[in-house]
Amino acid sequence: MIWVVGSGPAGISAAVYLLRGGESVGILHQPGTSALEKAEKIENYYGLEEPVSGRELLRRGWAQAQRLGAELREDQAVGLNFGESGLELTTTGGALQAQAVILTTGSPRLAPKLPGLQEFEGRGVSYCAVCDGFFCRGKDVAVLGSGEFAIHEAETLLPIARSVTLLSNGDPIPDGLPDGVTADARRLSELYGSQLMEGIRLEDGQTLDIPRLFVALGTAGSTDLARQIGVILDGNAIRVDENMATNVPGVFAAGDCTGGLKQVTKAAYQGAVAGLAALKYVKAQKQT
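Take the sequence shown: its position 210, counted from the start at 1, is 205 in the working numbering, and no numbers get skipped.
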């Protein structure tokens, strides 16, 4: 099975080319998370005699992929790594084995407007537990977030850190916290320190002497998943070659997550290229 993470124009376009090439395709689908879904009218796309809403264009794409045989799974990806038999996607519903993975979940990385956050990026503030957890051995760490992605990051840090605190920043504490994770729902005021982050100040004036913060708001985007498996980034964009391939074999990316123009036309084109490249990659793997 080839898994496409994201069901916007890039993801559906990739899936269509893979399906027509005879491969089994699963699409991780989260309604309500696409920027296109918020567009009132789309009229600058080929073949639209009359404008359609972004929501309607998405619906047509989903129906097209399902008609061709795609498995459209309403699930959330929270991790991407190598398993015993190859690529493995961790989702809220369990682990999925993949012959190849195409990341198409868009570009935004959620971060609060919190004083000190940008200043301490790389000096106490991180966005990937798998990448930077090693540097927190025996230290107190905090995870900022309240969803499945935040819980996954906290679980990753538990065996490494001395303590793990989940900071929901005013949101309700989520159910199903792993044993050993402490939760705090108070709102954050700022991060403080000199050369390195030293702690977190709360709105009630109290402080937490925690020198490491992992930001895991909302859901895991393409760049979050890419970091976990060692994909090279250009800032917040995933670096790809002319075939939409990353530096990690079997991992491709398309759409807004690769940077540049954020348009349906570009996303659909890159999705087609990624789908064809993944098709070629999987067929070559079967012959070895």
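Even for Gly, the Cβ is constructed at its ideal location relative to N, Cα and C.
Please report the distance separating the alpha-carbon of Val125 from that of Glu148.
8 Å
Ala95 and Gly245 look like a contact to me (Cβ under 8 Å); what is the Cβ gap, rounded to whole Å?
5 Å
Look up Glu193 in the DSSP assignment and say whether it is helix, strand or coil.
strand
Hey, how far is the Cα of Thr177 from the Cα of Lys257?
39 Å
In the DSSP output, what is Leu161 paired with across the bridge?
Among the bridge pairs identified by DSSP, Leu161 is matched with Val138, Ala178.
By Cβ distance, which residues of its chain are closer than 7 Å to Glu143, with the 5 residues on each side in sequence left out?
Gln71, Val73, Thr87
Beta-carbon spacing of Ala60, Leu14 below 9 Å:
Cβ distance < 9 Å, so Ala60 and Leu14 count as in contact.
For Val243, collect the residues of the same chain with a Cβ closer than 7 Å to its Cβ; drop the 5 residues on either side in sequence, then sort them by chain order.
Ile224, Gly225, Val226
Reference Gly200, options Arg181, Leu191, Phe209, closest by Cα
The shortest Cα separation from Gly200 among Arg181, Leu191, Phe209 belongs to Arg181.
Sequence-distant residues of the same chain with beta carbon closer than 7 Å to Lys134, five excluded per side
For Lys134, where only same-chain residues beyond five positions count, the Cβ hits under 7 Å are Ala156, Arg157, Pro206, Arg207.
Just the Cα atoms here: how many angstroms apart are Ala10 and Tyr264?
12 Å
Quick check: what's the CA-CA separation for Gly194 versus Pro4?
42 Å
Nearest-angstrom Cα separation, counted from Asn76 out to Ala90:
10 Å
For Gln282: DSSP bridge partner residues
DSSP lists no partner for Gln282.
Which whole-angstrom value is the C-beta distance of Leu212 and Gly119, which I expect to be below 8 Å?
17 Å between Cβ atoms; not a contact.
Threshold first: 3 residues or longer. Then list the beta strand (DSSP E) segments lying entirely within the stretch -3 to 66, N to C.
-3 to 0, 20 to 24
Please state whether DSSP places Glu114 in a helix, a strand or coil.
coil
What residue does the alpha helix (DSSP H) around Glu143 start on, and which one ends it?
143 to 152
Own chain, CB closer than 6 Å to Glu66, minus 5 neighbours either side, in chain order:
Gly21
Taking Met192 as the reference, give the member of Gln113, Ala269, Gly216 with the closest Cα.
Gln113
Use the C-beta contact count for Ser121: other C-beta atoms within 10 angstroms, 16 or more gives buried, fewer gives exposed.
Ser121 comes out buried.
Only counting the same chain, and skipping five residues up and downstream in sequence, which positions put a Cβ closer than 8 Å to that of Asp229?
Only Gly254 meet the Cβ criterion.
Leaving out five residues on either side along the sequence, give the residues of the same chain with a beta carbon under 6 Å from the beta carbon of Leu63.
Cβ within range, chain order: Leu14.
At which residue ranges does the stretch 217 to 250 contain complete alpha helix (DSSP H) runs of 4 or more residues, listed in the order of the chain?
217 to 224
Residue environment, Asp204, which counts as buried when at least 16 other CB atoms sit within 10 Å:
exposed
To the nearest angstrom, report how far apart Pro154 and Leu183 are at their CA atoms.
Roughly 26 Å between the two C-alpha positions.
Buried or exposed (CB count within 10 angstroms, at least 16 for buried), Gly78:
exposed
State yes or no: is the C-beta of Ser29 within less than 9 Å of the C-beta of Gly101?
yes
Option in Phe247, Leu162, Pro46 with minimal Cα separation from Leu98:
For the options Phe247, Leu162, Pro46, the alpha carbon positioned closest to that of Leu98 is the one of Phe247.
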